[in-house]
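Each step along the sequence shown adds one to the number in the UniProt record's numbering, with nothing skipped, and position 115 is 115. All residues carry an ideal CB built from backbone N, CA and C; glycine is no exception.
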Amino acid sequence: MDRFLSNYVHNVDSKGRVSIPAAFRQVIASRGIRELFAMRNLDQPVMDVGGPELMDRFEKEMEKLDPFSPEYQDLMILAYGDGAYLKTDSEGRIMVTDFIREHTGIEDRVTFVGLRHSFQLWRPENFEAHLAELRKRQSEMRRGTTGSAGTPGQ
1 MDRFLSNYVH NVDSKGRVSI PAAFRQVIAS RGIRELFAMR NLDQPVMDVG
51 GPELMDRFEK EMEKLDPFSP EYQDLMILAY GDGAYLKTDS EGRIMVTDFI
101 REHTGIEDRV TFVGLRHSFQ LWRPENFEAH LAELRKRQSE MRRGTTGSAG
151 TPGQ
């Protein structure tokens, strides 16, 4: 296994820990990832999680910008000031911290969603609703019932 694929719902235990799916732990091990980094997604109430590749991709985008520009400064704060390392224990669990709960609304269950090089943490109900909307939108696009603005029939 070399990519984060599929989605899994896991329960948060009474101490606030959740097991990373076994398939995701295999990817982490095969890539030699020692630290997981979490960032708040800007568009959805989800956490983006990954190893060094996640930060590398973010930093490559920042390198294209003028380091004195407001956009660069904003991205620096979002990447480094609004992110957190997630520590895994010997059993492959992470803590669902207040940092995660406040942004995602996660309570007693977490949906892990694979995104090839990284994964996301979702509140299960939010993921199911989002997935249903994605399927509907893609189906409409394939049938040609969605205009370029994303509204049906235009």
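Those residues which DSSP pairs with residue i across a bridge
i: F58; result: Per DSSP, none; premise fails for F58.
i: F37; result: G50 and Y85
i: I94; result: V18 and T88
i: H10; result: V110
i: Q120; result: D48 and V113
i: F4; result: R116
CA-to-CA distance, residue j to residue i, given in whole angstroms
i: L115; j: L65; result: 26 Å
i: A23; j: L75; result: 31 Å
i: M55; j: R31; result: 15 Å
i: R57; j: G50; result: 11 Å
i: L131; j: F99; result: 24 Å
i: I28; j: L86; result: 13 Å
i: E140; j: E128; result: 18 Å
i: F112; j: R135; result: 18 Å
i: P45; j: R123; result: 8 Å
Assigned exposure category for residue i - 16 Cβ within 10 Å defines buried
i: Q154; result: Residue placement at Q154 is poorly supported in this model, since its pLDDT is 47, which falls under 50; the coordinates still yield a value, given next. Answer is exposed; the Cβ neighbour count stays below 16.
i: Q120; result: buried
i: S118; result: buried
i: G144; result: exposed
i: D48; result: buried
Quick check: the segment 3-16 against the segment 91-108, are at least 3 beta-carbon pairs closer than 8 Å? yes
With three or more beta-carbon pairs closer than 8 Å as the criterion, would you say the segment 36-53 touches the segment 103-112? yes
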